[in-house]
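Asker: Each residue of the sequence shown is one higher than the one before, starting from 0 at the first, in numbering that gives the first Met the number 0. Sharing a structure, written as structure tokens. Questions coming.
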Amino acid sequence: MLTYVGKGYNSDFVFNLDGIASRLSDGEDVQIVEGPDDICAPLLERGDGHCLADRVRWRDRIAQGQVASALGCPVATGDTLTLGAVRLANLRSAYTTQRVSGACGGCQWRSLCATVAENGYRDVRLIAKSSTPTKCWET
């Protein structure tokens with residue numbers, strides 16, 4: 000989501016991710032889940048189960064640890080957070096400096112995401128409109 004610019008696996012995926020980016024931009028909370036999430040839904044509906052692959056779960060575990068480190072908060076399944084402007088800027092800074100990009104290994108979108116970051120996140124679809132609450136997580 001940090002680098003999403005409207006490109007994806009297919010038109011259903013892009014339509015779905017545009018909606019998620021819009022809701023998050025409007026302040027909807029993010030819930031941490033294990034396994035496929037709302038982003039993966041269009042792929043699972045079409046029978047593309049790569050979201051269930053061990054390599055994806057491995058990348059998710061790496062991302063979980065790196066995001067926790069970048070936010071200075073523990074990250075656990077079931078936690079929710081508001082992705083406000085400050086928090087989003089902190090995560091993007093961590094991505095740009097590769098502190099939260101370890102989970103990108105083997106991802107076909109890695110070079111696109113790197114280019115988006117190099118270009119200052121121009122044209123991204125996720126733009127937080129609110130400030131971040133002071134608490135790490137809401138449970």
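A virtual CB, placed ideally from N, CA and C, is assigned to each residue, including glycine. All values reported here derive from a predicted model rather than from experimental measurement.
1) Taking 8 Å as the threshold, find out whether the region 27 to 39 comes into contact with the region 6 to 19 through three or more Cβ pairs.
2) Could you name the residues that DSSP lists as bridge partners for Leu80?
3) Out of Ala75, Gly71, Ala62 and Gly34, which has the shortest C-alpha to C-alpha gap to Leu1?
4) Roughly how far, in whole angstroms, is the beta-carbon of Val32 from the beta-carbon of Thr96, given that I think they are within contact range, below 8 Å?
5) Looking only at its own chain, which residues have a Cβ that is under 7 Å from the Cβ of Ala127, when we skip the five neighbours before and after it?
6) For Ser199, which of helix, strand or coil comes out of DSSP?
Answerer: By the coordinates alone:
1) yes
2) Mapped onto the sequence shown, residue 80 falls at position 81. According to DSSP, which records beta bridges pairwise, Leu80 is partnered with Val29.
3) Taking the first residue of the sequence shown as position 1, residue 1 is located at position 2. Selected option, being the one with the closest Cα: Ala62.
4) Looking up residue 32 in the sequence shown gives position 33. Looking up residue 96 in the sequence shown gives position 97. Rounded, the Cβ-Cβ distance is 26 Å, inconsistent with contact.
5) Along the sequence shown, read from residue 1 onward, the residue named residue 127 stands at position 128. Contacts found: Ser24, Leu82, Gly83, Ala84 and Leu87.
6) The first residue shown for the chain is 0 and the last is 138, placing residue 199 beyond what the model contains.
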